[in-house]
Structures are given as C-alpha cells and as structure tokens.
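One structure is given here, and the rest of the page talks about it.
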Amino acid sequence: MVQEAKALDIVELVEQAVAKHGARRDAVIPILNEINQAFGYIPTAALPEIRRRIHAPAEGVFLADSHLYSAASFYQLFSLKPLGRHVIRFCESAPCHVMGGRQVIQALQNELGLEIGETSQDGKWSLLTTSCLGVCGVGPVFLVDDDIYGNVTSDQVPEILARYK
Amino acid sequence: MISLTINGQTLDVPENTTVLKAAEQAGIVIPTLCNHKDLTPYGGCRLCSVDIQGLRLPATACTMLVAPGMIVRTESPALTRYRRTILELLLVRFYDAGYTHSNGSPTIDSQFAYWVNYYGIDMKSTMAQKPFRLIDSDPNPFIWVDKNKCIMCTRCVRACAEVQCRFVWTQAYRGYDLRIVAGADTTMLQARCESCGACVAHCPTGALDNKMSVKLGPPDRLVTTTCSYCGVGCQLDLNIKDDVPGGRVLRVTSNAKAPINGDHLCVKGRYGYDFIQSPNRLKQPCVRKYLLDGTARPHNRGSWVEVDWDTALDFAARGLRNARDQYGVHSIGLLTSGRCLNEENYLMNKLARQLLGTNNIDCCERVSHASVVDGLESGLGLNAPSNSLDDVANEAKSILMIGTNTSEQHPIFGVKLRRAVLWRGCKLVVAHPDFINMSEYAALRLVHRPGTEAALVNGLMHIILKNGWEDRTFIEKYTTGFQDFESCLDKFTPEYVAQQSGLDETSLQHAAEILATNRPMAIVWGIDLANYPAARRNVLSLINLQLLLGNFGVPGGGVIPLRTQNNTQGACDMGGHPSYYPGYQPVDSDATRKKFEAAWGKGLPTRPGLTATQMMSAAAEGRLRALFILGEDLVAGASNGSHIQRGLHNCDFVVHMAAFDSETSRHADVLLPGVTFAEKTGTFTNTERRIQMVHQAIAPQGNARPDWLALTELSRHLRRNNGDGDYSDWDYHDTSQIMTEIAALTPIYAGISHERLEQITCLQWPVKNLSHPGTPMLSMEHFAGGRGRFTRIEAAEADS
C-alpha cells in the first residue's frame, strides 16, 4: 500500500529543510525537493507550513500557497500524490520517440499492467512520463528511481524491472 | 522623448513607453488579450504582435519598449494570419457552454469573443466540441468559475496579486495540463479569497464571472454612481434592466474611470446589492392605530396601519408640533444619517433650525464622529482628514494604523495600503488589540490593552524626544503650546507605558524609530479608536505626535480618520451637529447666526443643542419628548442599545424614516419608507472630503420616497408662515436646487454644483468658488491661525 505522510513528520521535515536552506523565497525549490525526497511526494499539507516560515510581507517577501503549488506542480521530478516504492520516468521527448520509444513505453505498460500516471495496487510501481532527460544520444531513455537506462529495447524491459524488489 | 514611427505616423513619446501605449496615444488599436492597463505587461497571448523593422519575427507590442527611430507596422496580411492562428490555437482548448457573459457591458461580447469575431473565425465550429472541465467548478458564492473558457492569459493571477495583494490564483501544472488553480488547488475561499471580484473584472473571456447574475444577460443601461457602504467613496456601475416598470438592478460592475478605485471594488460594493430590491423593503407609510383612532398611546404603541403619504406626514407634523407647543422647542430632537445624501442632511438641519427652532440635531454616528470633529477642531482647527487617501497610499514612508481594521471596514483603502507595503516598501505599524489582516503586512505589530492608546502614543513621543527625532523647525514655525505640553510626557517612560499597555519596551522603541525615521509618516485611525469614551483624547494625542514630527502639510503625512459610513463626513458637513451650521459655522457666533437668519427668514436658536447621546439621556429623563430619526437603525447601531431603547420608549412621539423595518422602528409612531442610494440623485462626501455624485438608477420601490422629497413635503405640513429670506422657501423640485442653496450658505462647499460634478466627477472641499479646483490636501494655511496646537494629555490608566 502507498503510505501517506503523517502531519507531525511533515512539520518536522519542513522545519529542518527551511533551517538548512534558509527562510528565503529562492530556497523554495530545494526545500520542496527535500520533502519530495523524504516522502516520495510533496504532501499539500507541507505547503502552508513552508509558506508560514518564509512569508514576510513587511520585508517585501510575499509567499502564498498558490506560489508553492505552482512550483510543486510544474516540475516533473516532484509529485503531489504518493507514488510507488519505485518510480519509472519515461522520456516522452521527440528524439526518444523517433528511436522507438513508443514500443518501449508499451512494453512497460504491458509488463506492469499500468497506464501512464498510475501506481500499482501493491504500491511497488509508479509509471510516469517526463520531458527530456538530456541524454538524447542514447534514446530511448527512462529512469527507474535514480538509475538511468539508455538504448533500451522492449525485450530488455522485463529484465530491467526484475532488478527491483 | 523618443521619436518613432507607427504605421507611417511619427510620434514622440516618453522613454520606457511600450509600443502598445505609444500606439494607443496615436489612436491606433492593436488587439490584446493578456494586457490590461492596471497590470504588469505579460506578453503571454502574443495577439498584440507587430512588425518592427530590423527584427526577424513579430514582437509583442505590450512588452516591447520604444526605441529611437523604431519603425513599427501594426497591420499586414501576415500579421492578420498570425493573429488568426493564435486565436484558433486558443480555441482548441476553449469551450463555451452558451450562457451569456455578464461582465458589465451592454454588448454581450467578451473581449476574447470580440477578437475571434473580428478575425473572421466562427467560434462555435472552431472551439472544443465538448467541455473538458467542470462548468461552475468553485463553490464561492460570488464568483463563477468555468475553466473551459480560460485562455491562460493570467490576468486573474496578476489582478489577484497586484490589485488585491491576495495571491489566490496561480497557474499550475504544465503543457496540456496547464490551468489556473486557487491556492494549493483548493476552493477559492480555502485559498483565502476575499471575493472582491477583481479577477472577474479583469477576465477577458468570461471564465470568471459574477455568480449571482451569470445568466441574466446584458443590461439595458449602466448608471455610474457612488457606493453606499463605507467612507472610501468608490464609484461603480449599476447594471439596469428595464423589463419591469422603473427598472431593476441586475448586477454591479466596476468602472475603470472611477477616481478612487478604478476597476477595483470590494465584496460589499460589487456583490452586496440585493438589499436594494429586497422583499423586506418598507414600501408604504405606516402610522400607529392609536393615532388614527385619536386615543391615548398604548404602552407598546399598538399596531401599525398602512396609510397614504399625506396622512403619515400630517401625523408626523402634528406630533412634532404638539411636543413643541406643550414642552417647548428644545423638547424635540433630530437625528440625521451618514447613509443619506448631503442634500438630505442639509434639509434635516434646516428643518431643525428654521422650522422647529432647535439646535438639537446630531448625526447618528455621534460616538464615532464627534471625537474626530471636536478633536481635530481643537488641535488643528480642521474638521476633516488633512490628507487624501491616495497621497497616503502613494507617498507615506511609514504609517501608524491604530484602532482600524482597515481591510474589513474600508476595504479598498486597506488594499491600497497593502500595495504600499508590498510594492514600494512602506513601513506599517499596526496597533490593534486583535490580530487583523493588516497585521500580516506590518513591519511591527503592537498588541496593546484596549483603552491604553493615549498612553501608548505619549510613550512613543517620550522616546522620540529622548532621541532628538522631533522636528524643531516645524514645531517653532507651525505649532503653539509645545513648552507647556512637553512636560506631560515626562512620566511616560518606556517602563511605565509598557506596564500600562502590556507591550514590551523593545517594541515601543522599535515603533518610535520606524515612525520617526521614515517620513512622511501618516496616521490612520478608525472606529475602533473613535468609539471609546476617551476618543477625543486619543485623537488629540495623535495630533500631538504628528505636530512633534512635523508631518503636516506634506503629501503622505497628516491624519486620516476613516469615517464609518459612506457619508458620515457629509452628514456632519451639512450641519448634522448641535454646534454647527453647514460647513462648521458655529451656531453660537452672532455673525453666522445672523447670516442664516437672513437667509432662512427666521430667528434662530442661539445656544448649541443636545448631542445624540445627550438626547437619549434627556429622553430617558423626560426632557426630550419627540424625535425624528432619519435613515438609521439607532438601536442596532449603538454600543449601548438598551440605553437607546429606554430613551426611545420614553419619547412621546417618534418619527422614523428608513428603507427597512428595524429595532428602532418598533419604537416609532410614524414610519416613513425611504429609499436606497440606487433610487435617488444627489451627493455623498467621502472620508477625504471628496464630494461625488449619486445617480438615481431605478424608480423608488413601492411607495417609498427619497428622504429629501419626504422632508420637503413634511415642511408643508409643518409651516405656519413663510419667512422672507432668500432661502426661506422649501419649494425644492430636485436635489440640484438644494445643492445650490448649500453652496450659497457654506463657504467650504461654495464651488459645488451638480452640473460641475457631472463634468469633473469629484471635488475635495474646501472648494471656494465655481472655478476653484478643490483642496486635496489641507496645508498649514488651513489650520487655525496657521498653527497646530499641542494639548497636554495626562491620563494613563486604561479607560473604562
């Protein structure tokens, strides 16, 4: 099952992340990243906690929940909902597509029984797409967690997935 | 100046002008969607793209700054194709469910629909064929959200951030999923929306609309008038449909040309209009049954009977006359209203003094306004705020807000101050016992014990003197009484004040430093300060502070008492005061009295009358026998309602004129149905002395009548003999005629006429004659003797 973050953990983590990166507007992305790393996603309850610690209109620093949500929803390395233990991010940019990406993503979908954007019932896998990962020379490309796989063919998919428990 | 050519026309425009603005100045129209005059240029929709010689691709006119010798072409076949493609692409993710857009124009087109049509695109066949998002997707009671019509221009996002400083809307996600969301994709209200409707007013497509009237279609006409809620004096457009006799109000929209607020309104002004056509309105005059029966008044005054106007006014006149004949003229009291027109308040003053012969006239907002009038008069010789709202919002380097919950009580001014903090770094010190919204924007928040305001201000002055922050030159040149005053601050040491007020010494030091070193500094206060028994003293100590720092006679300085109601200032200006004729001309001055005696053709009382609070005590003691109350629910509006009820109950005879039945009318003998601001023409004076027109938009509801008309007719029932002054008559046909009389008798209103206001929208008094431009800021020459007076304020302990 996918685990949701607990309120107390959220406050504690936000506290630490803000202490580490500074209560500044330009520290928002590293702070969001810390939270995403820790929980595997950014619980929306974390956003007001971040806002409260940075928002200081009298100093000319204005930060609203909407600003944080805008940033958190924009970056594809962030997620706003809990994900599986292992997250596959498949590159959907043109060079990977041209190199046979469509067959690879189809193989991933078949193997996992998931549509794009879904998380498996047992909480093991999430299948997402991402924009360019910057290694177009070895497309098609996907990430499993922090591991990158290039020049992938559909036959290799079962073997790659089997590496993850 | 920079010289450039647009469509072959040579122009000179100031530096940093955008190509779009330059074109506008030349009368050249460039199509736009994401651009709005109130908002920072965004360059998102690309519709304003133009050709600039030397650039490979079209550039957006809204963001491109002019350069010397620039050659711009705004129209070409290629640009037309370019713009058409942009619109077609926007229509791919656009779905119109077919209901009419409602934002204030008699032409039904939204800006987006206009340009789609202009470029020859058939919207129906080009747009998405089914909705892809929920229509009406937010539960906000006032704002309608249909994201199927959103084109991502971000005008709502920018309006919420830049105009209202609330940051509710944002763009979230990316690519095909890009959409506007409120807060963290919550409902608008959860995202701290204040429902001001700025996003609606700025939306070019109808994706955001007015929920209360979204499907009511376009109005037949727009009537620009002045809002009837608070003392800020915003102007707005009543959208009128003429499908019923006399017309009805469909909705309220903002008017970009409004002098104070432009396209900006608060939730009350924009959405609080349904009271106008409420089924609970009083529509027929009523008198108590005992009056018709000619019997004695029962203890609870008995039941109401609906009658015609003539009968009601006859009973009203008879009741007032009886009291006068039996107990003398000073047994009658009149209470006038900050909700009513200047012209109506003037007639109340004339009714009291000329026809009834008493100075027992006061404004219902006595408690909140008397301290302002008397304090300012005593300290400065002024009767109104010294500066304008805009000059404070635009120029003050720091502001002391004390006893005002501005963003709720005077929302548009509150938002102007938020903008001052966010966009130009103005320092706000908020002194209020509660956590109010403005505290969030404060450089320093002082949470003092209620009632210790004077001690707090004395404490600040103590610190200022210790540090030598006072303005010695100003004190010498423009004030009196400093030497005598100075020693009263001795005992207000930080330790002493901290102990009294519950503040810590560091905060006091910090506050004094912020206010003394960021000048000009303005002081803004409101009803939470003015409603104390010791309010006059509070006002005087705030004046002391401004005199000490030399913050008078400069834009961004001064004292701004925020008057509670839309026309509290005007009611007082018009003689709704026991000591003053209109324009603060004292009743105990022989010269003034003779002037009014000559004008009204009648001998006038020599002594000041009773204040509203004194009237209630006099009524409870049986000295006051009859009351005429205009436009107010006295009982509900007072902090001491039971005292008022006792007074009213004890009165032999009470006439109440109001638009609604209320606690106060339960104690009345004659009840006259008045009208709302939408049903009459005249003027209101806002908290900064600004006189603006109110325009009748619909016919009075039922048999209700404007107060001025009812008062004029009442005069006929009251009169016994005509005097022979220039203005002794009461033959008023409209309020413009009344304003002419006011101008003739009131030096500060001498240059006011409806005709003039129709042309130039507003004037701030004093307006000395018909060519005088008005006085946005009262400078030292307006102070009594050209000097402000320091007043010793001794009391320290919290007032009860």
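Chains as they are written, first to last, in my numbering: chain C, 337 to 501; chain B, 4 to 803.
Every residue gets a Cβ at the ideal spot worked out from N, C-alpha and C, and that includes glycine.
Chain B contact for residue i (CB, 7 Å cutoff)
| i | result |
| --- | --- |
| C:T380 | yes |
| C:F410 | yes |
| C:Y405 | yes |
| C:Y383 | Position check: residue 383 of chain C holds Leu in this sequence, whereas Tyr was assumed. Chain B, which has a Cβ nearer than 7 Å to the Cβ of C:L383, makes this yes. |
| C:F375 | no |
| C:A400 | yes |
| C:P418 | no |
| C:A392 | no |
Collapsed DSSP secondary structure at residue i in the structure displayed
| i | result |
| --- | --- |
| B:G685 | strand |
| B:D240 | strand |
| B:D487 | helix |
| B:N397 | helix |
| B:K597 | helix |
| B:P262 | coil |
| C:F410 | helix |
| B:N348 | helix |
| B:C202 | helix |
| C:C427 | strand |
| B:D15 | strand |
| B:D246 | coil |
| C:K342 | coil |
| B:C575 | helix |
| B:M806 | Any question about residue 806 of chain B goes unanswered here, given that chain B covers just 4 to 803. |
| B:Y121 | helix |
| B:Y232 | coil |
| B:R169 | coil |
| B:F793 | coil |
| B:I883 | One cannot answer for residue 883 of chain B here, as it falls past the ends of chain B, which runs 4 to 803. |
Proximity test, Cβ basis, 7 Å: residue i and chain D
| i | result |
| --- | --- |
| C:A430 | Although the question refers to chain D, the structure presented lacks it and instead comprises the protein chains C and B. |
Chain C within 7 Å of residue i, Cβ atoms only
| i | result |
| --- | --- |
| B:R792 | no |
| B:L425 | yes |
| B:R96 | no |
| B:Y444 | yes |
| B:Y176 | yes |
| B:T173 | yes |
| B:F135 | no |
| B:I632 | no |
| B:F804 | Outside the modelled stretch of chain B, which goes from 4 to 803, sits residue 804 of chain B, for which no answer is possible. |
| B:G186 | yes |
| B:A801 | Since pLDDT at B:A801 reaches only 42, below the 50 mark, its modelled position is unreliable, and the value read off the structure follows with that caveat. B:A801 does not count as touching chain C. |
Residue interval of the beta strand (DSSP E) (run including residue i)
| i | result |
| --- | --- |
| B:Y176 | Unbroken run through B:Y176: none, as it is neither H nor E. |
| C:Y485 | D483 to Y485 |
| B:T256 | R251 to S257 |
| B:I632 | A629 to L633 |
| B:H659 | F656 to A661 |
Start-to-end residues for the alpha helix (DSSP H) that takes in residue i
| i | result |
| --- | --- |
| C:W461 | No alpha helix (DSSP H) holds C:W461; the beta strand (DSSP E) holding it covers W461 to T466. |
| B:R452 | No alpha helix (DSSP H) holds B:R452; DSSP gives it neither H nor E. |
| B:Q767 | Run containing B:Q767: none in the alpha helix (DSSP H); it sits in the beta strand (DSSP E), C765 to Q767. |
| B:S6 | Per DSSP, B:S6 belongs to no alpha helix (DSSP H); it is in the beta strand (DSSP E), I5 to I9. |
| Of the residues that make up the region 278-312 of chain B, which ones have a beta carbon closer than 8 Å to any beta carbon in chain C? | none
| query | Any residues in the region 453-487 of chain C with a beta carbon nearer than 7 Å to a beta carbon of chain B? Which ones, in chain order? | reply | none
| field | alpha helix (DSSP H) runs wholly inside the region 272-310 of chain B, at least 4 long, in chain order | value | 292-296
| request: Enumerate, from N- to C-terminal direction, the unbroken beta strand (DSSP E) stretches of 3 or more residues contained entirely within the region 317-372 of chain B. | output: 335-339 and 364-366
| Segments assigned beta strand (DSSP E), at least 3 residues, entirely inside the region 665-730 of chain B | 673-676, 685-688 and 693-697
| field | Residues from the region 190-217 of chain B in contact with chain C, defined by Cβ distance under 8 Å | value | A194 and R195
| Of the residues that make up the region 488-519 of chain B, which ones have a beta carbon closer than 9 Å to any beta carbon in chain C? | none
| said: Beta carbons nearer than 8 Å to chain C: which residues of the region 705-722 of chain B have them? | reply: none
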